[in-house]
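Start counting the sequence shown at 8; every next residue gets the next number (my numbering). Where a beta carbon is used, it is the ideal one built from N, C-alpha and C, also for glycine. In what follows, a single structure is set out as structure tokens and then discussed.
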Amino acid sequence: MSLVHNLGFPRIGARRELKFALESYWKGESSRDALTAQGLALRTRHWAEQAGLDLVPVGDFSFYDQVLDMSFTLGNLPERVQGFHGDALDNYFRVARGRSAAGADDHVACCGGVAAGEMTKWFDTNYHYIVPEFTAATGFKLDASRLLDQLAEAKAQGVNAKPVIIGPVTYLWLGKSKDGSDKLALLPRLLAVYAELLEALAGQGGQWVQVDEPVLVTELDDDWRHALTHAYHELKSSRVKILLATYFGTLGDNLYLAGKLPVAGIHLDAINARGEVDALLGHLSSHKVLSLGVVNGRNIWKTDLEGALEWLEPLHERLGDRLWIAPSCSLLHVPVDLDGEQKLDADVKSWLAFALQKLDELKVLGTALHRGRDAVKAELAANRAALASRRGSPRVNNPAVKEALGKLDASLGRRRSAYAERAAKQSARLKLPAYPTTTIGSFPQTAEIRHARSEFKAGRLDGAGYRDAMRTEIERSVREQEMLGLDVLVHGEAERNDMVEYFGEQLEGYAFSQLGWVQSYGSRCVKPPILFGDIRRPKAMTVEWIQYAQSLTQKPMKGMLTGPVTILNWSFVRDDQPRSVSCRQLALAMREEVLDLEKAGVRVIQIDEAALREGLPLRKSQWKEYLGWAVEAFRITANGVEDETQIHTHMCYSEFNDIIASIAEMDADVITIETSRSDMELLDAFDSFKYPNEIGPGVYDIHSPNIPTPEHIVALMRKAAERIPAERLWVNPDCGLKTRQWEEVIPALANMVAAARTLRKAA
Ligand code: GLN
Ligand code: ZN
8 MSLVHNLGFP RIGARRELKF ALESYWKGES SRDALTAQGL ALRTRHWAEQ
58 AGLDLVPVGD FSFYDQVLDM SFTLGNLPER VQGFHGDALD NYFRVARGRS
108 AAGADDHVAC CGGVAAGEMT KWFDTNYHYI VPEFTAATGF KLDASRLLDQ
158 LAEAKAQGVN AKPVIIGPVT YLWLGKSKDG SDKLALLPRL LAVYAELLEA
208 LAGQGGQWVQ VDEPVLVTEL DDDWRHALTH AYHELKSSRV KILLATYFGT
258 LGDNLYLAGK LPVAGIHLDA INARGEVDAL LGHLSSHKVL SLGVVNGRNI
308 WKTDLEGALE WLEPLHERLG DRLWIAPSCS LLHVPVDLDG EQKLDADVKS
358 WLAFALQKLD ELKVLGTALH RGRDAVKAEL AANRAALASR RGSPRVNNPA
408 VKEALGKLDA SLGRRRSAYA ERAAKQSARL KLPAYPTTTI GSFPQTAEIR
458 HARSEFKAGR LDGAGYRDAM RTEIERSVRE QEMLGLDVLV HGEAERNDMV
508 EYFGEQLEGY AFSQLGWVQS YGSRCVKPPI LFGDIRRPKA MTVEWIQYAQ
558 SLTQKPMKGM LTGPVTILNW SFVRDDQPRS VSCRQLALAM REEVLDLEKA
608 GVRVIQIDEA ALREGLPLRK SQWKEYLGWA VEAFRITANG VEDETQIHTH
658 MCYSEFNDII ASIAEMDADV ITIETSRSDM ELLDAFDSFK YPNEIGPGVY
708 DIHSPNIPTP EHIVALMRKA AERIPAERLW VNPDCGLKTR QWEEVIPALA
758 NMVAAARTLR KAA
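This is how it looks when you write it as structure tokens:
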């Protein structure tokens, strides 16, 4: 019989219970007991919901982050928080979130402030983990209490528990050496603690432990590959059976290595790596379990159950008990329960599966393998009907969109003239001073804005009333910018709840869930829109707002759009066509918007690509392909305009070294980027590449309430001018200002404008 199991369950709660419990505790509005009780309630509920599985993950619950949990389990805390006394949970949050020296905290008096751990993306997902920190002196010390406590809870509930931990090599790989020392030198010390941990888990009577080593789907050099071999040979004498879990991609060059590791079983992401199943089986000795991730843990679509059975059945015949099935990866990356959705269009809803529905699919597959398809006839028929309805839906397949896509040719992505020629025409038209000043788009989302929006959504404010409220805010932004003396103005994005949702709501082919939250980091969740069908723009989306804003001023008003790559990367996307095709459809729709803005007399158009970098594949060998279609999509969107129209783009991150050639290929007239925290050093990448167009390096960090001084801004811009010719520099903040207060924005921008004036005088 084939065993059905799960790799991990979303812990935030179907109604984001954990988020609210955490935030209330952090604000001091509820007790630690209330928080830990909520944690227990969620674990209990989630285990009950997984009760039909043969093995249920335990230890996947986390109050903040599973990597940080592992750091605590291994006793690897940054030096700056060691020696804190007091409650363990509070210390945990201290590492997760930091604490300012002025904060209202018992420990400030004795222990002072502490910087939060650095956060970074978990492989190619939108989840962010707290980066483990290492030095040559790092030591480890086991604290298995979290896992053992949860195992005891699970046992009391009668759960078939399978503890889940992050493997030693992935743990090292995820961390950062703070002193430049070799992380791999720590492996022997680390393995000693892992051996102890496995022993502690064996003491709980469980047979299997899931050890996650997703590094196996990345490109590894010989040292890292050797580390894997070494690690699992060291751990092989443990009394537990190790299920080595890989996910998020193919094993590629690591396939033989993975197949030969001395573990009891291996999990393969059969959504991404189905083509590797046979080869992997060829390397597995006959006692090893092969767990296949056959339900996609990264998207929200129903699985083609009969399609899966077609290839699983013969495998099952061959492998019998050795074949296990599971989701491709932890279900952390999908929302909890589709049944909670009240407003989703019935058609679209019938095509979807969230975490609970995905587990149901697995159970159906397990039963079919075990007892034959007839035992789940009704379920298979319903699944077949849903898939057919999706495939045949005119909302999914719109021939007109396909036709437009077919007509695309390269000329669509090319500006009429080269940058130098365009720049001369733009400067004659815009008549901007040296060091022109601008902002990235949004102004504070005030309480008035949020109130008007929620009244409008609730139906208590009509369309006209809402429009008036937004116009009032736009007018306020324009007046403030004129008073400040900025050169290129923005309307402030008052009418936008979110830079992707705003456009998704106006495009055909998008649906929105009410409760489809996915954890991004800590208590923060995102609700990605669902791109389900061919994309069409029924009418202009931004033109009226921008026109209104332009009518209030003589200064150039920037039209603000989100780019196709960012819209794609922040959505749940289709699995029935390549990402590149969905992206090109978005590009065509956004191009129409660009051209409509131009027709309406808008002279400067900014197309944000905040998430372009996020879409980079895990393996560098695949970057070229992604960057190729991503850049092309941007060019299709942007480059249909006349020479006189100035195209801006914005990216909010600070790593450009390895993608600078693609950024240059986008050929935006102006790019604004995040730089203030890197002291302009990141401009080196632009300098050494000889980036040809204009750049606005952010001069202050919008994440902080600090007001930058004019002197500081002048100094930063002088550094910038050492790398980029001054006549190609703009002066702007790092990113949009929507999370700030007007009281912070006005003095900060006043200082920015003053700095630009100083720079002009000195020039
Ligand atoms: N135009 C957007 C804003 O100003 C850009 C946000 C972003 O880059 N994340 O808010
Ligand atoms: Zn930004």
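| request: Kindly indicate the opening and closing residues of the beta strand (DSSP E) around Ala252. | output: Taken as a continuous stretch (DSSP letters only), the beta strand (DSSP E) holding Ala252 covers Lys248 to Ala252.
| task | Starting from Glu56, trace the alpha helix (DSSP H) both ways and give me its first and last residue. | result | Membership of Glu56 in the alpha helix (DSSP H) is indicated by the continuous run Arg39 to Glu56.
| task | Could you check the C-alpha separation between Thr560 and Leu568 for me, to the nearest Å? | result | Rounded to the nearest angstrom, the two C-alpha atoms are 20 Å apart.
| task | Please list, in chain order, all residues of the same chain as Cys118 whose beta carbon is under 6 Å from its beta carbon, the five residues on each side excluded. | result | The predicted position of Cys118 is uncertain, since its pLDDT is 47 and thus under 50; no value can be drawn from it.
| request: Could you please give me the residues that DSSP links to Val65 through a beta bridge? | output: Val65 is bridged to Pro170.
| task | Could you please give the first and the last residue of the uninterrupted alpha helix (DSSP H) stretch that includes Lys370? | result | Note, Lys370: alpha helix (DSSP H), Ala362 to Arg378.
| field | Cα-Cα separation between Tyr201 and Glu718, rounded to whole angstroms | value | When rounded, the distance between both Cα atoms is 52 Å.
| query | Quick one, which of Gln557, Val648, Gly511 and Tyr442 has its alpha-carbon nearest Glu482's? | reply | With distances taken between Cα atoms, Glu482 lies closest to Gln557.
| field | Start and end residues, beta strand (DSSP E) containing Met658 | value | Start and end: Gln653 to Met658.
| field | Leu322 beta carbon less than 9 Å from that of Val284 | value | Their beta carbons are under 9 Å apart, which means Val284 touches Leu322 by this criterion.
| query | Does the segment 135-155 touch the segment 71-85, meaning 3 or more C-beta pairs lie closer than 8 Å? | reply | A contact between stretches requires three or more CB pairs, one per stretch, nearer than 8 Å, and the segment 71-85 meets this requirement with the segment 135-155.
| message | Could you tell me the alpha carbon to alpha carbon distance between Trp552 and Arg478, rounded to whole angstroms? | response | Looking at the two C-alpha atoms, the distance is approximately 8 Å.
| Coil, strand or helix - Thr132 by DSSP | Judged by DSSP in its simplified three-state form, Thr132 adopts coil rather than helix or strand.
| Mapping DSSP to helix, strand and coil, what is Ile702? | Of the three classes helix, strand and coil, the one that applies to Ile702 here is strand, per DSSP.
| Quick one: what does DSSP say Ser530 is sitting in, helix, strand or coil? | Judged by DSSP in its simplified three-state form, Ser530 adopts coil rather than helix or strand.
| request: Select from Glu599, Val572 and Ser695 the residue whose C-alpha is nearest the C-alpha of Trp636. | output: Out of Glu599, Val572 and Ser695, the CA that lies nearest to the CA of Trp636 is found in Val572.
| request: Report all residues from its chain with a CB closer than 7 Å to the CB of Thr374; omit the five preceding and five following residues, and keep chain order. | output: Within the same chain, Thr374 has close Cβ partners Ala382 and Val383.
| message | Please tell me whether, using a cut-off of 8 Å, the distance from the CB of Arg655 to the nearest non-hydrogen atom of ligand 2 is below it. | response | Note on residue identity: the sequence assigns His, not Arg, to residue 655. Answer for His655: no, Cβ out of range of ligand 2.
| task | In the DSSP assignment, find the beta strand (DSSP E) that holds Glu688 and state where it starts and stops. | result | Here Glu688 belongs to no beta strand (DSSP E), and DSSP marks it neither H nor E.
| Thinking just about the alpha-carbon of each residue, which of Ala271, Arg421, Lys414 and Lys356 is nearest to the one in Leu394? | Looking only at Ala271, Arg421, Lys414 and Lys356, the smallest Cα-Cα distance to Leu394 is reached by Lys356.
| Backbone secondary structure at Arg767 - three-state DSSP | Secondary structure at Arg767: helix, using DSSP grouped into helix, strand and coil.
| request: For Val11, count neighbouring C-beta atoms within 10 Å of its own C-beta (all shown protein chains included) and say buried if the count is 16 or more, exposed if not. | output: Taking all protein chains shown into account, Val11 has 16 or more neighbouring C-beta atoms within 10 Å of its C-beta and is therefore buried.
| field | Helix, strand or coil at Ile494 [DSSP, three-state] | value | The question names Ile, but residue 494 is Asp in the sequence shown. Under the three-state reduction of DSSP output, Asp494 falls in the coil class, being neither helix nor strand.
| query | Where does Gln629 fall in DSSP's three states? | reply | Gln629: helix per DSSP, three-state reduction.
| query | Does the segment 658-672 come close enough to the segment 617-626 that 3 or more CB-CB pairs lie under 8 Å? | reply | Pairwise C-beta distances place the segment 617-626 in contact with the segment 658-672, as three or more of them are shorter than 8 Å.
| Taking 8 Å as the cut-off, does the CB of Ala556 come closer than this to any heavy atom belonging to ligand 1? | Closer than 8 Å to some heavy atom of ligand 1: that does not describe the Cβ of Ala556.
| field | Length at least 4, wholly inside the segment 452-478: the alpha helix (DSSP H) runs in chain order | value | Fully enclosed alpha helix (DSSP H) runs of 4 or longer: 454-464.
| query | Comparing the CB of Met658 with every heavy atom of ligand 2, is any distance shorter than 8 Å? | reply | The answer is yes for Met658.
| Closest Cα partner of Trp577 within the set Glu599, Ile542, Cys532 and Val507 | Among Glu599, Ile542, Cys532 and Val507, the Cα nearest to that of Trp577 is on Val507.
| query | Mapping DSSP to helix, strand and coil, what is Ala202? | reply | Correct three-state label for Ala202: helix.
| message | Using a Cβ-Cβ cutoff of less than 6 Å, which residues in the same chain neighbour Asp494 once the five nearest sequence positions on both sides are dropped? | response | If we look at Asp494 and ignore the five residues flanking it on each side, its Cβ neighbours are Leu439, Pro443 and Thr444.
| task | Flag this pair as yes or no: are the beta carbons of Lys267 and Val216 separated by less than 9 Å? | result | No, these two residues do not count as a Cβ contact at 9 Å.
| task | Less than 8 Å between the CB atoms is what I'm expecting for Thr177 and Asp219, so what's the real figure, rounded? | result | Confirmed, Cβ separation roughly 6 Å.
| field | Element boundaries [beta strand (DSSP E), containing Arg422] | value | Element bounds for Arg422: n/a, residue is neither H nor E.
| task | Could you tell me the distance, in whole angstroms, from the CA atom of Lys190 to the CA atom of Ala123? | result | Cα to Cα, the separation comes out at about 21 Å.
| Residue environment, Pro585, which counts as buried when at least 16 other CB atoms sit within 10 Å | Pro585 comes out exposed.
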